[in-house]
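Undergrad:
In the UniProt record's numbering, the protein residues as written are 1 to 506.
Here you go:
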């Protein structure tokens with residue numbers, strides 16, 4: 001199978017590489033004399049076979065049942081200029097940085113080497129691919145630049161190697177969309193996708209093809225230290241005769257940025273932490289460890305320096321008993337408890353010495369932190385399975401009527417004022433995106449309209465003596481006083497109560 005209007009053939013990006021020079025008239029092969037059919041003769045006088053002409057089969061019909069209706073789809077036309085984009089391969093050393101850091105490196109590089117990049121605004125996918133509107137004056141050579149990012153304690157130095165790969169033809173995409181080419185230029189679609197995603201990736205928290213922002217002026221807690229974040233999904237897609245931007249609102253669960261002691265209370269369902277005078281039980285510690293292990297925390301006891309760590313475990317013993325080898329100034333090593341160390345080092349008497357400590361970093365380094373000096377770092381998506389109650393809360397928080405959803409999507413794309421229904425979604429505002437404008441792209445502010453048909457609803461057959469029939473209206477039918485046509489007996493059933501034991505009466 002292949003797209004209607006296109007002959008069968010390989011689908012994929014054209015081979016990449018430097019532009020090849022076209023042969024001049026003096027180097028062009030000599031024309032062969034035409035054969036009887038008008039086709040040129042092959043060397044040796046062999047007449048080539050005529051290639052069959054592909055004729056696209058016509059669509060049999062467009063459907064006639066139902067009532068015609070105009071529909072709006074969450075697709076917005078992308079208007080493109082003609083010309084070329086320039087594709088560069090990027091290698092960052094060291095190469096084990098997350099995409100967010102890589103984007104900061106490229107952004108700092110462009111600002112630091114303004115003589116090289118001039119007024120260009122490159123876009124970057126966070127890994128290897130960078131695109132510019134005009135070429136960087138390096139030819140086919142590899143350019144290496146040194147980039148310094150300010151870090152906690154000391155600056156971090158990176159080396160960035162840039163090499164030209166190919167020219168990406170927007171005209172080739174136009175030819176394919178209008179049916180004059182049988183090859184879909186996937187490299188062009190990839191380039192446009194990088195352009196559209198560049199600024200949102202630096203502004204918001206990217207998750208797959210979606211972008212999310214922290215709650216601001218609204219709160220949708222899910223319990224267990226989790227909350228709902230709202231955002232938007234986008235992707236660039238080719239359609240008939242034009243490129244489209246598919247965009248929709250989205251929501252997912254993130255961990256709430258809060259003190260770890262508050263996180264502990266939410267996970268273990270403790271109403272007041274000051275009422276928890278005893279150490280955690282083994283079951284409480286295991287449950288807390290399961291939830292916090294792998295999360296990033298930041299310390300609060302070192303003033304403005306908020307170093308971040310990843311939790312690898314939770315200690316079995318509380319801070320007043322948990323010890324570690326402490327090396328003194330004279331080189332001697334002694335055992336010291338976490339509570340005593342914080343009292344001696346920071347003049348800080350722990351409020352909750354009976355709580356366990358977080359073990360952070362690598363396990364063999366014995367780095368322990370009391371819960372009360374740690375905060376959950378913002379922007380951490382929850383990848384663990386939600387409970388049934390959390391799932392139900394998520395569905396209620398994200399439910400939208402079709403008009404409200406349309407309004408939110410339109411507010412994402414256009415520069416209109418936000419309504420009360422869409423306060424939870426940040427605007428993408430593509431037409432004011434400096435990177436989108438840099439590449440000469442513009443996005444339509446109106447949804448694409450398509451023709452549809454409302455098919456007649458099927459009849460429903462009730463049971464009972466009357467055997468009544470019903471026709472649903474607006475997708476709804478009334479079962480009051482009616483019987484099912486075929487009933488099913490529930491022979492085994494049970495009730496499970498998940499409420500905290502202290503709130504239940506015996």
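Where is the CB? At the ideal position from N, CA and C, for every residue including glycine. Note that the coordinates shown come from a computational prediction; the quantities given were computed from them, not determined experimentally.
Which value, in whole angstroms, describes the spacing of the CA atoms of residue 64 and residue 462?
TA: Those two C-alpha atoms are separated by around 30 Å.
Undergrad: Helix, strand or coil for residue 148 per DSSP?
TA: Strand at residue 148.
Undergrad: So, is residue 435 buried or exposed, given that buried needs 16 or more other C-beta atoms within 10 angstroms?
TA: Residue 435 is buried by the Cβ-count criterion.
Undergrad: Identify, in the order they occur along the chain, each residue of the same chain with its Cβ nearer than 7 Å to the Cβ of residue 499, setting aside the five sequence neighbours on each side.
TA: Nothing listed; no residue qualifies.
Undergrad: Between which two residues does the beta strand (DSSP E) containing residue 250 stretch?
TA: From DSSP, the beta strand (DSSP E) with residue 250 extends over 243-255.
Undergrad: Going by alpha carbons, who is nearest to residue 328 out of 316, 341 and 318?
TA: With distances taken between Cα atoms, residue 328 lies closest to 341.
Undergrad: What's the C-alpha gap between residue 429 and residue 81?
TA: One C-alpha to the other measures close to 20 Å.
Undergrad: Given a cut-off of 8 Å, decide if residue 214 and residue 233 are closer than it, judged by their beta-carbon atoms.
TA: No, these two residues do not count as a Cβ contact at 8 Å.
Undergrad: What do you reckon, is the C-beta of residue 196 under 7 Å from a heavy atom of the ligand ADP?
TA: Among the components modelled here there is no ligand, and therefore nothing to report on the ligand ADP.
Undergrad: If we ignore side chains and look at the alpha-carbon of each, how far apart do residue 490 and residue 472 end up?
TA: Their Cα atoms are separated by approximately 27 Å.
Undergrad: My assumption, with CB atoms under 8 Å, is that residue 76 sits in contact with residue 413. Please give the rounded CB distance.
TA: Right, their Cβ atoms sit about 6 Å apart.
Undergrad: Going by CA-CA distance only, name the one from 246, 230, 226 and 244 that's closest to residue 263.
TA: Measuring from the Cα of residue 263, the nearest candidate turns out to be 226.
Undergrad: Run through the stretch 338-409 for me and flag every whole beta strand (DSSP E) of 3 or more residues, listed as ranges in chain order.
TA: The qualifying runs are 356-360, 367-370 and 374-376.
Undergrad: For residue 198, does the count of other Cβ atoms within 10 angstroms reach 16, so buried, or fall short, so exposed?
TA: Flag for residue 198 reads buried.
Undergrad: Per DSSP, which residues does residue 89 bridge with? Please list them.
TA: In DSSP, residue 89 forms a bridge with 129 and 163.
Undergrad: Under a three-way DSSP split, which group does residue 118 fall into?
TA: In this structure, residue 118 counts as coil in the three-state DSSP scheme.
Undergrad: Residues in its own chain within less than 8 Å of residue 172 by CB, not counting five upstream and five downstream?
TA: Result list for residue 172: 14, 181, 183, 185 and 188, in chain order.
Undergrad: Can you list, in chain order, the residues of its chain with a C-beta nearer than 8 Å to that of residue 377? Leave out the 5 residues immediately preceding and following it.
TA: Answer for residue 377: 257, 295, 296, 297, 298 and 308, listed in chain order.
Undergrad: When DSSP builds the beta bridges, which residues end up paired with residue 206?
TA: Bridge partners of residue 206: 211.
Undergrad: Looking at the secondary structure, which residues open and close the beta strand (DSSP E) in which residue 312 lies?
TA: Unbroken beta strand (DSSP E) run through residue 312: 308-318.
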